[in-house]
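Please read the structure below before turning to the comments.
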Amino acid sequence: MSLKNAVYDAINSNKFGKAFLKARRDIRGDEAVRAIQSGTHDFIDRSKGSDKLCIILAGYKPTLWEDVFGRIAAYVPSDVDVCVMTSGLVNEELKKIAAEHGWSYLSTSVNHLSFVQNIAIECHPRAKWIYKLDEDMFLTKGFFEAMLDTYEELESNTLYKPAFVSPLINVSCYGHLRLLDKLNLLDDFRNTGLTDMKYSDGLHHNRQVISEPKVARYMWGESQPVLRDIDALTERFSIENEGFQYSICPIRYSIGAILFTRDAWNEFGHFPLTFVGGPYGLGDDEEHICNYACFTGRVMVVNENIVVGHLGYGGAQTKTMVEFHANHRDQFKLKA
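Structure, rendered in structure tokens:
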């Protein structure tokens, strides 16, 4: 044990020491929050004043942008305002992409993921419906319409009150098992021995879903061709073919592609300026909105008629899956 750790253990061994360390952490936390709040932003406003807004968190995976933004541009309805966001940086290529499509662009001087999302929503005061996307989500036809229809259907005609709605996402701690179940591939996947085969948040158990690149490659069809075409899967599972289908996620949900409301955003006090996931607040927005769902009697709804592709989780899967994308472009490109 290092001298520093020994000192901390000694201080933390009694209630006065614990109180001192907590106060010290609180002070440092307050200082960090003030630093975030003092940050500046630059907003290029091309909004139409719509009641629907799509905010896209981007800036770090440029090799994906042609396919990701190509799909968004093809499928986003004309009555949805789009805002590309970069947290803690300005990216000229993304500014150009936004300009070409008539979308807004927001950059912040400080890198905190909750901060940039809150600013984006504040910059669109008329937006009542908010789609949030990450830059590694590959949309399919009908995504925007299906999310809104699902929210309104559950709100009006079921016993549930939604917190947010999401599509069926292939590389997801919840969605991968739902998708495999619908395709009768659970046994095949179980035989790989890659995961614990349990619905989980990927943090407390079944961590392989977020840490093992082989899981992401499997879910993109490395050994099962049916998983390679997310557009064909969406057509297969469409309302026309299978009727309206949804499920309720009972665990923390990955929010790479969701629809929520401005009312919900106000009710949960906006996304938090916290640092649980690290100095940039990675995952803190997700934890916060899922906590809001679980502790205010709302549900996390997954529309199972729409399949959306997630390249893979950050960290251990990123390098492998960026290479996978480069070597399998036909799977990811917008279909002609």
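Numbering (the working numbering), first residue to last: -9 to 326. All C-beta atoms in this analysis are idealised placements derived from N, C-alpha and C, irrespective of residue type, glycine included.
Short of 7 Å from the beta carbon of residue 237, and not among the five residues preceding or following it, lie these beta carbons of its own chain, in chain order: 168, 292 and 294. Partner residues in the beta bridge of residue 119, as assigned by DSSP, are 42 and 251. With a cut-off of 8 Å on Cβ pairs, the stretch 222 to 238 is not in contact with the stretch 90 to 105, counting fewer than three such pairs. DSSP, read as helix, strand or coil, puts residue 299 in strand. Looking at the backbone, the Cα of residue 255 and that of residue 152 are separated by about 13 Å. Beta-bridge partners assigned by DSSP to residue 239: 290.
By a beta-carbon distance limit of 8 Å, residue 301 does not contact residue 119. Their separation comes to about 25 Å. Assigned with DSSP and collapsed to three states, residue 269 falls in coil, not helix or strand. Excluding sequence positions up to five before and after residue 23, its CB lies within less than 6 Å of the CB of 263, all in the same chain and listed in chain order.
Collapsing the DSSP output to three states places residue 100 in coil.
The shortest C-alpha to C-alpha distance from residue 65 to any of 48, 244, 132 and 39 is the one to 132.
At least 8 Å separates the beta-carbon of residue 188 from that of residue 181. Taking 8 Å as the cut-off, the beta carbon of residue 129 is found closer than this to the beta carbon of residue 298. Residue state for residue 175 is assigned as coil, using DSSP reduced to three classes. The bridge partners DSSP lists for residue 209 come to none. Non-local beta-carbon contacts of residue 36 in its own chain, meaning distances under 7 Å to residues more than five positions away in sequence, involve 92, 93 and 94 in chain order. Contact annotation: residue 104 and residue 163 have beta-carbon atoms that are not nearer than 8 Å.
Residue 247 has its alpha-carbon roughly 17 Å from the corresponding atom of residue 192.
Distance from the CA of residue 42 to the CA of residue 149, rounded to the nearest whole angstrom, comes to 25 Å. Residue pairing for residue 48: DSSP places it in a beta bridge opposite 76. As computed with DSSP, residue 95 is found in a beta bridge with 34 and 74. Cβ-Cβ distances below 8 Å link residue 26 to 100, 102, 105 and 263 in the same chain, with the five nearest sequence neighbours on each side left out; the list follows chain order. The beta-bridge partner set that DSSP reports for residue 155 consists of 249 and 291. A distance of 8 Å or more separates the beta carbons of residue 309 and residue 57. In the three-state DSSP reduction, residue 127 falls in the strand class (E or B). Shown here, residue 284 sits in a helix according to DSSP, grouped into three states. Within the same chain, Cβ atoms closer than 7 Å to the Cβ of residue 316 are found at 53, the five residues on either side in sequence being excluded. By the 16-neighbour rule on beta-carbons within 10 angstroms, residue 319 is exposed. With a 10 Å radius around the Cβ and a threshold of 16 neighbouring Cβ atoms, residue 48 comes out buried. Spatial neighbours of residue 84 in its own chain (CB-CB distance under 8 Å, excluding positions within 5 residues in sequence) are listed in chain order as 48, 49, 55, 74, 76 and 95. Around the beta carbon of residue 194, fewer than 16 other beta carbons sit within 10 angstroms, so the residue counts as exposed. In this model, residue 273 and residue 242 are separated by some 11 Å (Cα to Cα).
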